[in-house]
Amino acid sequence: MTTDVAPRLLEDTPLGSKAGGFYQRQNFLTGLGFGILLAFLGWLISHATLQGSNWGSDMVVTVTMACWVIGFNVGMGTFNAPIRWALGHDQSHEDELYSAGVGQGNKRYWKFCTDHKVIGTQYLVLVFVLFGVGGALAMMIRTQLITPHSSFLDPNTYNSIVTIHGMVMIIATIIMVTGPFTNFIMPIMIGAKDMAFPRLNAMSFWVVVSAVPCLLATFFLGGVDAGWTTYAPLSVQAPPAMDAFALTIITFVVSVTVAGVNTIVTLITMRAKGMTMGRLPIFTWGSMIGSALGLYAMPAFLLVMTMMITDRAVGTSFFVAAQGGSGWLYENIFWIMGHPEVYVILLPPVAAMLEVGSTFARKPVFAYKVVVASFVAIAALSIMVWAHHMFTTGWAPDLAGPFMLTTELISIPTGIIFLSVIGTLWKGSIWTRLPMYFVYLFLWNFIIGGVTGIYLSDVPADQFFHGDMFVTAHFHYTLLGGAMIAATAALCYWFPKISGKMLNERIGKTAFWIIAIGIQITYIGMFWEGFQGMPRRVAYYDPIFLRSNQMATGGAYLLMIGWVVLLYAIIHSWRNGKPAPANPWHAKSLEWKVPTPVPLENFLVDPVVTSDPYTYGEQVPDGQNEPRATPEPELVPAGSGEQSDTGGQV
Amino acid sequence: MSFEEQADEIEHTILDGKPFFSRPAGKIFIIWLVFTVIGLLLSFYLPHHILPTLMASTGTDVFRTVVVFSVLAAPVAAFVYAVAVYSLIAWRHKGNQDEPPEDGPPLRGNGPMTVLWLTVSSVLVVVLLVWGLAVWSSQQVSHPNTLQVNVTGQQWLWTFSYPGTGVESRTLMLPVNRPVEFNVTSVDVTHGFWPVSLGTQVDANPGEVTVIRTTPNKLGGFTVRCSQLCGLYHAFMYASGAVVTPTQFSTWLQSQGASATQASQTAQTTPTNS
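Chains as they are written, first to last, in our numbering: chain G, 891 to 1540; chain D, 7 to 280.
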């Protein structure tokens, strides 16, 4: 029986349910099977009972997609533990070990596995897949736009591709850092053995996996031709694909919410002894504040998509003007989600990039506390700027001034990020390994993205630029050139810890230069289109925009080649790379103090933290300068007593 | 420590006894200056060449805003780039790349620098805001003698009607130097009414009438585009428009079926004795 001091995994369960059984036979294939089975049943029943009614096909699609999501997760084992609880049982010790993936080798990556490192890796692969899909769609868009009247895609397919490219990329960028790195790295960084809620963690992954087929199914249900913003009333009239689209988002929001709560609770309650809030690595602050912002923003997305489904499937007419609704209502709720969401995307990668900058400049993160304060300020301001997306909708012209104010104010805390990066570089010892390349590329791109944002924040100028390619170029510079490049820096930085192999820098640097140049050509081409006055989301265009479109398309092909080369470097290194030492960058945060590959539960002995991880250059000889009261962290790494930190010796 | 000793120390530690331009700050200043000049040249040169010819008061506002904002942004962007470039030239670790270089100095922050940074960015924000509000409020004034044009969007064409004349057209004709008010609506989904070269736009929402004002100030043709994805043939939803003289405008109204009196009243020309 249990004692008070027994570790969780060694604890016996009071009701002692039997180990194994069905539990141990579930994997991705049973999920797939259950999902398809339930979806088929749902389709059969709803088709038989509802098809004749007014909104029959919308209801059928909604029911079928919902059945798929539930069926897949039942088949995966997402709900096993709560179901057992409801039946009066609990997980046995063997069950928990099994869930953690003990002794299953690579098969655990296809199972409902609660180990945060497995989940982080699963997320990483999912992010690659999503970027692959979104990127392929982007290439189709750019191919269509090589000539003014291309017959490569018909307008409906083109509009659907524009929509799904947008949504796939939004989903991918929201999870690109919080998925892989917050899951894999963050618990180790703070000295925790796992996330606070390992099963919810696994759930957040498999729920988002189940959302992806719904999104791709839209192509076979008539296509969503309304753009990723799916403004009403156009989207209310769209084909049944729109129901699948809305259901995708509802499912995705469930995943993001579960993951966000998990991140925040972990950071508040699971920190090791001595890991005070002031010593948290800056990346964990970015994860925490990004997640908290997501908890504010994403429910609005769930709400607006639920209203969309009811408008379409049962005739509620929230957004239909002819029946007393309003498109502006949709636009408001959408952007109440939509603007905080860009910072949900941006804050975690930026924070991760600051870690990279610190390690490769061999200096502390400059103005750490000011950066944390600016993250908070960005989050707070970002919930009050949504209507700058609606400056030209005609809604509430009197609010143009206030929203111009809040929008321009947000450039002050955002500017702090630049201060911090260049302050970190200042007089540093710049170690130009691959991750650092991407930090410099981030600086270059994000300045351009930021400066072009101020034109859009100004209402009179926005009356020219709104809805045109300038906007597209601006947000690609911030989200791809900024967030995604920062996330790439993070990937190259943590790759040795995650894969256990060193990333091939020769191929990686080749990819870097192609990507860097590809971004400039593509999006400067788009800025040019925008200045000329080319609207967004058009399948055909006036020949006066020919040159700028060809420039953007040429750049986009180059960019795609760059990403493919980087992907090759990653896959090649993962399979054949040099084994990575535990701390290849001689960095000081806790994830580098545990062995590679990281053992289950990370630390065999709980670490004790005595300083923040930015003690570069702080062993000051006595007498000259007043030494800071922050000696090197005295850590007891898990099963690696011989590994001591050597990076900070002067 | 006496004042002289302190001054001495400052000279040794901060000024390092070297002239300004051989210290990092001085070199960064030079790089910054070069980048800023490039940025300023682009700020003045590019808008002339890549924006379309802007033909209305709101278009002039757009043009000026683009130039002013670019001029303000150039030194800031140039500073970040200057430090980044200098750090790569001067502070890059040039030895064995397999081993980390020696640690840099433990600079955890710099209060005065942070305050300066915040001050500069706050001042810039205030300038942007005041500029934006001043321009925006000047656009909200409704003038006497304003020409009313009703704009209706539908999938996938624009209709322009001139109240008091009975004229309905697929072409948008406007008299030069006469304030105009567009009352914009839609009969189906949301469209974006965007007469590109006039430098203004507003959405056409079903069930709502939205208003924008401008004053065309150059003769010539322009294109009205749809700036809001509105379904299958969104790309083909455009109309041609032109800014013409009042006499031409009056003649055009008559050619579209308005009576001579209606046309001259709407165009504010003296009726021609025909």
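Cβ atoms here follow ideal geometry from the backbone N, Cα and C, with glycine treated the same way.
For clarity, every value in this text was computed on a predicted model and none was experimentally measured.
If you measure from the beta carbon of residue i to each beta carbon in chain D, is any gap under 7 Å?
i	result
G/Phe-1328	no
G/Ser-1264	no
G/Met-1294	yes
G/Lys-1317	yes
G/Val-1260	yes
G/Val-1357	Checking the sequence, you will find Gly at residue 1357 of chain G rather than Val. Yes, G/Gly-1357 counts as interfacial toward chain D.
G/Asn-970	no
G/His-1006	no
G/Asp-1201	no
G/Thr-1322	yes
G/Asp-1348	yes
G/Arg-1252	yes
G/Ala-1257	yes
G/Phe-1308	yes
G/His-1476	yes
G/Arg-1032	no
Helix, strand or coil, according to DSSP, for residue i in the structure here?
i	result
G/Glu-1491	coil
G/Lys-997	helix
G/Asp-1358	strand
D/Gly-205	coil
G/Cys-1104	helix
G/Met-1326	helix
G/Leu-1393	coil
G/Pro-1469	strand
G/Ser-982	coil
D/Gln-154	strand
G/Ile-1300	coil
D/Ala-44	In the sequence as displayed, the identity of residue 44 of chain D is Ile instead of Ala. D/Ile-44: helix per DSSP, three-state reduction.
D/Phe-228	strand
G/Asn-917	coil
Should residue i be labelled buried (16 or more other beta-carbon atoms within 10 Å of its own) or exposed?
i	result
G/Leu-934	exposed
G/Thr-1378	buried
G/Ile-1461	exposed
D/Leu-47	exposed
G/Asp-985	buried
G/Met-1167	exposed
D/Glu-108	exposed
D/Phe-188	buried
D/Gly-101	exposed
D/Ser-280	Interpretation of D/Ser-280 is limited by its pLDDT of 44, a score under 50 that renders its predicted location unreliable; the figure taken from the coordinates is listed afterwards. Answer is exposed; the Cβ neighbour count stays below 16.
G/Pro-1503	buried
G/Leu-1244	buried
D/Gly-32	exposed
D/Gly-247	buried
D/Tyr-51	exposed
My assumption, with CB atoms under 8 Å, is that residue i sits in contact with residue j. Please give the rounded CB distance.
i	j	result
G/Arg-1202	G/Asp-1133	6 Å
G/Gly-1217	D/Asn-211	6 Å
D/Met-179	D/Val-230	D/Met-179 to D/Val-230, Cβ: 11 Å. No contact.
G/Ala-1267	G/Pro-1303	4 Å
Is there a Cβ of chain G sitting closer than 7 Å to that of residue i, yes or no?
i	result
D/Gly-115	yes
D/Asn-279	Reliability fails at D/Asn-279, whose pLDDT of 48 lies under 50, so the model's placement of it is uncertain and the value that follows must be treated cautiously. With 7 Å as the cut-off, D/Asn-279 does not count as an interface residue toward chain G.
D/Pro-212	yes
D/Val-193	no
D/Ala-83	yes
D/Asp-104	no
D/Phe-188	no
D/Ser-5	The structure shown has nothing for residue 5 of chain D, since chain D only spans 7 to 280.
D/Thr-221	no
Examine chain A for any beta-carbon lying closer than 7 Å to the beta-carbon of residue i, and answer yes or no.
i	result
G/Leu-1124	Judged by its chain identifiers, the structure shown contains no chain A, and its protein chains are G and D.
Residues, ordered as in the chain, of the stretch 1101-1119 of chain G that lie near chain D by beta-carbon distance below 9 Å: Listed by position, the residues of the stretch 1101-1119 of chain G near chain D (Cβ gap below 9 Å) are Asp-1115, Ala-1116, Gly-1117 and Thr-1119.
Near-chain D residues of the stretch 1208-1238 of chain G - C-beta to any C-beta below 8 Å: Against chain D - using a Cβ distance shorter than 8 Å - the residues of the stretch 1208-1238 of chain G are Ala-1211, Ala-1212, Ser-1216, Gly-1217 and Trp-1218.
Selection of the stretch 136-168 of chain D by Cβ proximity to chain G, strictly under 7 Å: So the close ones are Gly-138, Leu-139, Val-141, Trp-142 and Gln-145.
Contact residues within the stretch 1273-1300 of chain G, judged by C-beta distance below 7 Å to chain D: Taking 7 Å as the Cβ-Cβ cut-off against chain D, the residues of the stretch 1273-1300 of chain G that qualify are Thr-1282, Thr-1283, Gly-1284, Ala-1290, Gly-1291, Met-1294, Leu-1295, Glu-1298 and Leu-1299.
Where the stretch 1395-1425 of chain G meets chain D: residues whose CB sits under 7 Å from a CB there: So the close ones are Trp-1418, Phe-1421, Gln-1422, Gly-1423 and Pro-1425.
Contact set between the stretch 87-99 of chain D and chain G, restricted to residues whose Cβ is under 8 Å from the partner: Residues of the stretch 87-99 of chain D whose Cβ lies closer than 8 Å to any Cβ of chain G, in chain order: Tyr-87, Val-89, Ala-90, Ser-93, Leu-94, Trp-97, Arg-98 and His-99.
Members of the stretch 58-71 of chain D near chain G, C-beta cut-off 7 Å: Per Cβ criterion, the list reads Pro-58, Thr-64, Asp-67, Val-68 and Thr-71.
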